Amino acid sequence: MSLIGYRGGSSTGVPLTVGSVEWHDVIVTNERLERSTMMEGESQSYRATVTDDVGNAIQSWLSVRLVAVDSNGNKIKLAEVSFAPDIYNPDTKEVAIAFQAPPAGQYTVKLEWDDQIQPS
Amino acid sequence: MVIGYRAGQSAGVPLTVESVQRTTENSTGLLEDLDAFLQTLGFRKIADLTPENLNRDVTEKCSKSSGVGGCSASVSGEFTLWESQFPLMGAIALYLEIPWCADFLPREGVPTCSINIEIIGEGDNYQVTLLKRQYSTCVYYA
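Residue numbers (our numbering), protein chains in the order written: chain A, 1 to 120; chain B, 121 to 262.
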């Protein structure tokens, strides 16, 4: 009776590059609304100055949500946009996001975003 | 080396959203003002000023009626809701109706409206202005 054995070896292989990620925080300042009071059904714009933590303009692929948070912590998504040229001016670092009024109530309107890495 | 952004959120800014109350405005404050004014002239109220107490047929006799943006108002006379000792004033009634005015409000800014009221007492050969006032912001919000 004979036994089966496999000799040591290696495949040809495929290339892989593991790059490092240069992480940045997003800094939002000078947030403002055209009107702090609006009527149901109306539209207006949220504006702010947005940079990274070293003062550079934000890359166009960053996606953010504009949300309205009421006093109970309930959140309504008003808009979801990327920092494309029609939304964000990299020279002035100003973002302008149009939105329609949520239902009547008191809110805090803010930007929020998830961890994101530059698309390949 | 690629760029990444860590998750976060901004501090935010306050926003108040108001709703338009779609209603027929009967201007309670206006009626109270009118009641008080007429009483100072010696009038005695003999009936409540309600649509049911008004004779709609004579509304067309009003001397002034105007409206903007779908709103309308009318001043009517010759109702026996008030009586007084003054011979030139047998009775005066005032009835305003602004149905669904909110449908015609502008979508930008804070809409307001004003109503100009002028009540004229008429004698055989003359007229006397009894009340001339302007009421503003008649449309209100919930």
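Every residue, glycine too, gets a C-beta built ideally from N, C-alpha and C.
Computed from a predicted model, the values in this text were never measured in an experiment.
Bridge partner(s) assigned by DSSP for residue i
i       : result
E94(A)  : T49(A), N89(A)
F99(A)  : Q44(A)
Y125(B) : H24(A), Q116(A)
R65(A)  : E80(A), E112(A)
Y6(A)   : DSSP, once it has assigned bridges, lists no residue as partnering Y6(A).
R32(A)  : R47(A)
P15(A)  : Its beta-bridge partners do not exist; DSSP assigns none.
M38(A)  : V137(B)
G105(A) : V137(B)
A57(A)  : T51(A)
Inter-residue Cα distance where the pair is residue i and residue j
i       : j       : result
M39(A)  : L66(A)  : 18 angstroms
S194(B) : S139(B) : Bear in mind that a pLDDT of 45 at S194(B), under 50, signals an unreliable position, so the number given afterwards is only what the model happens to contain. Distance between the alpha carbons of S194(B) and S139(B): 27 angstroms.
D52(A)  : V26(A)  : 5 angstroms
P103(A) : A79(A)  : 15 angstroms
N30(A)  : M121(B) : 31 angstroms
P85(A)  : E34(A)  : 20 angstroms
W61(A)  : V28(A)  : 17 angstroms
T12(A)  : K110(A) : 52 angstroms
A68(A)  : H24(A)  : 25 angstroms
S63(A)  : Y6(A)   : 52 angstroms
V137(B) : G105(A) : 5 angstroms
A127(B) : S20(A)  : 18 angstroms
T17(A)  : G55(A)  : 29 angstroms
W113(A) : V14(A)  : 35 angstroms
E22(A)  : I4(A)   : 51 angstroms
V95(A)  : N74(A)  : 25 angstroms
Y125(B) : T37(A)  : 32 angstroms
V58(A)  : N72(A)  : Contrary to the premise, residue 58(A) reads as Ile rather than Val in this sequence. So the alpha carbons of these two residues sit roughly 32 angstroms apart.
T49(A)  : P119(A) : 24 angstroms
I123(B) : D115(A) : 11 angstroms
S82(A)  : T108(A) : 21 angstroms
S10(A)  : M1(A)   : 29 angstroms
D87(A)  : R32(A)  : With the sequence shown as reference, residue 87(A) is identified as Ile, and Asp is not the correct amino acid for it. Their backbone Cα atoms lie some 15 angstroms apart in a straight line.
D70(A)  : I76(A)  : 8 angstroms
Using a Cβ-Cβ cut-off of less than 8 angstroms, give me the residues of the stretch 13-24 of chain A that come near chain C, in sequence order. The chain inventory of the structure shown lacks chain C, comprising the protein chains A and B.
Taking beta-carbon pairs under 8 angstroms, can you tell me which members of the stretch 94-118 of chain A lie near chain B? A101, P102, P103, A104, G105, Q106, Y107, T108, V109, K110, L111, E112, W113, D114, D115, Q116, I117, Q118
Compile a chain-ordered list of the residues in the stretch 30-45 of chain A whose CB is closer than 8 angstroms to at least one CB of chain B. E31, R32, L33, S36, T37, M38, M39, E40, G41, E42
Would you be able to state if there are at least three C-beta pairs under 8 angstroms between the stretch 123-137 of chain B and the stretch 81-93 of chain A? no
Any contact of the stretch 96-108 of chain A with the stretch 30-48 of chain A, i.e. 3+ C-beta pairs under 8 angstroms? yes
If the cut-off is 8 angstroms on Cβ atoms, which residues from the stretch 122-142 of chain B count as contacting chain A, listed in chain order? V122, I123, G124, Y125, R126, A127, G128, Q129, S130, A131, G132, V133, P134, L135, T136, V137, E138, S139, V140
Chain-ordered residues of the stretch 54-85 of chain A with a beta carbon less than 8 angstroms from chain B: I58, Q59, L62, A68, V69
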